[in-house]
Structure formats: C-alpha cells, structure tokens
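Under our numbering, read the sequence shown as residues -12 to 66, first letter to last.
Take a look at the structure below.
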Amino acid sequence: MLVEIDGYFYRVLLYSEIDLSEREMRKIYDQLMNEGIPFRELPDTLCKRYNMKKVRILEGIRIDIVIDTDTDRIYKPQY
-12 MLVEIDGYFY RVLLYSEIDL SEREMRKIYD QLMNEGIPFR ELPDTLCKRY NMKKVRILEG
48 IRIDIVIDTD TDRIYKPQY
C-alpha cells in the first residue's frame, strides 16, 4: 500500500506491506499527533514504528491513502 503525506513544505511517499484502512490510518495519525510528533517528523516516525519505507514519487502512480497535514484530512484519492 502507498501512503502519501502531503504538507505545505513537503510531499513524501511511503510504502507499507500492511494494508491499512482510512480508519486505521486515522487512529495512527491521531495517536502520533497526541504524542506531539511534529509534522516534519511524521514520515520518519511512521517508518520507524510501522515499518514503512520511503519511496520515490513517480507521476502516474496510484496512491492508496493521502494524509494532508495542512488540513488533518485522511482520504483515499479518487481515480
């Protein structure tokens, strides 16, 4: 599964071997925000705690879940 983290200053793509639902990703995101994890550290924290890996962003690739850190919105993009 591919997770895109989209923020004002950055855009990161993460790969996870585990398929997570929007609800599960929301729970993880809310937990990290409640711990006070800064937005810039979110990708590295997801990699360390949930065994995700950073991958290159390629045009035309289909993203499974987007985390928009500017609006705190988590959603599945429509293709």
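The beta-carbon is built from N, C-alpha and C at its ideal position, and this holds for glycine as well.
Distance between residue j and residue i (C-alpha atoms, nearest Å)
i, j, result
"L1", "I44", "9 Å"
"N21", "I5", "23 Å"
"L19", "D(-7)", "16 Å"
"M(-12)", "I15", "15 Å"
"G47", "M12", "23 Å"
"F26", "N38", "18 Å"
"V42", "V(-1)", "8 Å"
"Y66", "V(-10)", "15 Å"
According to DSSP, residues forming a beta bridge with residue i
i, result
"I15", "The partner list for I15 (beta bridge, DSSP) is empty, contrary to what the question assumes."
"E2", "Going by the sequence as given, residue 2 is Tyr instead of Glu. Partner(s): L(-11) and K40."
Own chain partners of residue i with C-beta closer than 8 Å, once the 5 adjacent residues on each side are dropped
i, result
"Y62", "E9, I52, V53 and D55"
"G17", "Correcting the residue identity first, residue 17 is Asp in this sequence and not Gly. Here the set comprises nothing."
"D57", "D(-7), G(-6) and Y(-5)"
"K24", "The sequence shown places Ile at residue 24, not Lys. Counting only Cβ-Cβ distances below 8 Å, and skipping sequence neighbours, we find T32."
Expected contact under 8 Å - CB spacing of residue i and residue j to nearest Å
i, j, result
"Y64", "I50", "Residue identity check: residue 64 is Pro in the sequence provided, not Tyr. Going by Cβ atoms, the distance from P64 to I50 rounds to 5 Å, so yes, they are a contact pair."
Contacts around residue i, its chain only, beta-carbon distance under 6 Å, and the 5 residues preceding and following it disregarded
i, result
"K40", "Y2"
"R36", "none"
Proximity test, Cβ basis, 7 Å: residue i and chain B
i, result
"D17", "In summary, chain B is missing from the structure at hand, where a single protein chain is found."
Where in the segment 33 to 62 do unbroken runs of the beta strand (DSSP E), each at least 3 residues long, occur, reported from the N-terminal end onward? If you keep only unbroken beta strand (DSSP E) runs of at least 3 residues inside the segment 33 to 62, you get 40 to 42, 52 to 55 and 60 to 62.
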